[in-house]
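This report refers to the structure that appears directly beneath it.
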Amino acid sequence: MKTKLLLIGGGGHCQSCIDVIESTADYEIVGILDKAEKVGQLISGYPIVGTDADMDKYAEQGCSFLVTVGQLKSSAVRAALFDRLQAMGALLPHLVASTAYVSKHAQLMPGCIVMHRAVVNAGAVIGANSIINTCANIEHQAIIGTCCHISTGAMINGACRIGDHSFIGSGATLINGVTIPAHTVIGAGAVVLRSLNERGVYAGNPIKKIT
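Quick note on numbering: my numbering labels position 108 of the sequence shown as 943, and the sequence is numbered without any gaps.
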């Protein structure tokens, strides 16, 4: 029997998550929670059935949850929703697209999602509520913190450490063993050749702190 799954957030990232979920055939999407004015609308054929005020009701019914709010510069909204779900003891599976590769020696924490054609190699750890987006590569022994977003096509090489609530932009490359502080943004296409000691927004090749 398929696991009943409720999605929280009905934007563009939700549509991408739906495609991942449908690829697995393991879940039945029972609906989406979003703003009150959107109730009744359809997202990729699935109804918005309520707001985040209804999370308790669906948790009591035994539904699992996935936070499908996107994450660019800030993880605040995703993190707050995830924390609320954890506090109520909700079921928070990790999800992996059928086209992704995850080593049996990797570890996926609750609520994370590995999207189409992403790779998570041996010894890697993906933190809770993190997004490994399309075609991202997480190499051996890399550790991705909680509430991170590794964007499309990013290359996280072996033994890198990404601090909690960080964002790595599309096509960025981190060489082996680099450490990124929590709450840091790495811009699209950036090349990180050394560990960073200070949180902030970084961009360029080689990388420079811009804020």
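Glycine included, C-beta positions come from ideal geometry on N, C-alpha and C. These numbers come from a predicted model, not from an experiment.
Residue i bridges to which residues according to DSSP?
i       : result
Gln942  : Val960
Tyr862  : Thr838
Leu901  : Leu842
Leu930  : Ile948
Thr1008 : Met990, Val1026
Lys1077 : Residue 1077 cannot be examined here, being either before or after the span of the chain that is shown, 836 to 1046.
His984  : Ile966, Phe1002
Ala1038 : Lys1043
Candidates the options: which alpha carbon is nearest residue i's?
i       : options                            : result
Ile867  : Ser858, Leu877, Pro945, Asp861     : Leu877
Gly897  : Leu916, Met923, Gly875, Asp918     : Met923
Gly1004 : Thr934, Ala1038, Ala1017, Ile973   : Ala1038
Gly1022 : Ser1030, Thr1014, Leu1028, Ile1042 : Ile1042
Asp854  : Gly1035, Arg1034, Val1020, Thr934  : Thr934
Glu872  : Gly845, Ala963, Val865             : Gly845
Val865  : His848, Ser851, Gly885             : Gly885
Val1027 : Lys870, Asn1040, Val1020, Lys892   : Asn1040
Gly958  : Val912, Ala888, Ala994, Thr859     : Ala994
His929  : Ile1010, Thr1019, Asp861, Val1036  : Asp861
His940  : Ile883, Asn956, Leu927, Ile979     : Asn956
Gly1006 : Val874, Met950, Gly1024            : Gly1024
Leu920  : Val937, Asp889, Val960, Met950     : Asp889
Ala894  : Ile883, Asp918, Ala925             : Ala925
Ala914  : Cys982, Phe1002, Ala971            : Cys982
Ser851  : Val874, Ser938, Arg952, Ala911     : Arg952
Cys849  : Phe1002, Val1036, Met950           : Met950
Ile1010 : Ser858, Gly880, His975, Gly875     : His975
Using the rule of at least 16 other Cβ atoms within 10 Å of the residue's Cβ for burial, across every protein chain shown, is residue i buried or exposed?
i       : result
Asn1032 : exposed
Ile843  : buried
Met836  : exposed
Ala977  : buried
Ile1045 : exposed
Val902  : buried
Gly980  : buried
Val1036 : exposed
Checking 8 Å against the spacing of the C-beta atoms, do residue i and residue j come in under that value?
i       : j       : result
Ile804  : Ile948  : A query on residue 804 cannot be resolved here, the shown segment of the chain reaching from 836 to 1046 and no further.
Gly946  : Ala932  : no
Glu863  : Lys892  : no
Met990  : Thr1008 : yes
Asp887  : Leu841  : no
Leu943  : Ser899  : no
His1018 : Arg1034 : yes
Asp869  : Ile856  : no
Tyr936  : Val960  : no
If you measure from the beta carbon of residue i to each beta carbon in chain C, is any gap under 8 Å?
i      : result
Leu926 : Among the chains of the structure shown, chain C does not appear; only one protein chain is present.
Pairs of beta-carbons, one from the segment 895-910 and one from the segment 983-1003, closer than 8 Å: are there three or more? The segment 895-910 is in contact with the segment 983-1003.
Under 8 Å, with one C-beta from each stretch per pair, do the segment 992-1001 and the segment 1009-1019 reach the 3-pair mark? They touch, by the three-pair rule.
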